[in-house]
Amino acid sequence: MPAPRDSYDSTRHPDLLAWLTERQTGFERWAHEAGGVTPFDFSNASLDALEDLVRKAYTMTEEVTQQRRTLFVQGAVWYIGEVLCRRKGWVWKFEPDFDTGEVPPFYGETEAPGLLDTPCVGAPGAGPGEHWYPLNSLRRLLTEDDELGNPVDERLVGMVEGWYDDEDEEDYEG
50 MPAPRDSYDS
60 TRHPDLLAWL
70 TERQTGFERW
80 AHEAGGVTPF
90 DFSNASLDAL
100 EDLVRKAYTM
110 TEEVTQQRRT
120 LFVQGAVWYI
130 GEVLCRRKGW
140 VWKFEPDFDT
150 GEVPPFYGET
160 EAPGLLDTPC
170 VGAPGAGPGE
180 HWYPLNSLRR
190 LLTEDDELGN
200 PVDERLVGMV
210 EGWYDDEDEE
220 DYEG
């Protein structure tokens, strides 16, 4: 459904609010089931542990996309986003399509190419297109090559700590 950008509050989408409540109330159970004794305390060590779990469970980005509605992936999405919210003062959002203004179904039944149907995080006053999709962070962990065929070796901690925040990415020697 199209929604004018000036009247749509991406932080108040009813499905987003319900999802956040479910993730928050189910966090301890998710953390126990996902990591056992690993403490998910929003630290870099816990991000490393989550990354290890993702890499053990999936080998291709498409698997994460196909499993985006499972409790494990949704818990991981929430966890990454919550780390960013806590560290950077960001907020949860469910954004309309950048080009059309269409608000897709939240975690729709089927993946709609070109539409992002998962929550994102961003600065409270950020404009359209200025947000981060934690699901894409999970997918990026499994990406082997970038658009130009160059090898990709991403780490979740590096993504969260802001490799992408640097204006001059060429200075990074990783």
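When the letters of the sequence shown are read in order and numbered with my numbering, they come out as residues 50 to 223. Idealized CB from N, CA, C, for every residue including glycine. Note that the structure is a prediction, hence the values are computed from the model and not measured.
For G171, the three-state secondary structure derived from DSSP is strand. Per DSSP, reduced to three states, the secondary structure at W141 is strand. Within the same chain, T60, P173 come within 6 Å of V140 by CB-CB distance, once the 5 residues on both sides are set aside.
For P177, there is no enclosing alpha helix (DSSP H), as DSSP gives it neither H nor E.
With fewer than 16 other Cβ atoms from the protein chains shown falling within 10 Å of its own Cβ, D148 counts as exposed.
For W79, the uninterrupted alpha helix (DSSP H) segment begins and ends at 76-84. Straight through space, the alpha carbons of P145 and R117 are spaced by roughly 19 Å.
The Cβ atoms of L191 and A125 do not sit closer than 7 Å to each other. L165 has its alpha-carbon roughly 23 Å from the corresponding atom of K137.
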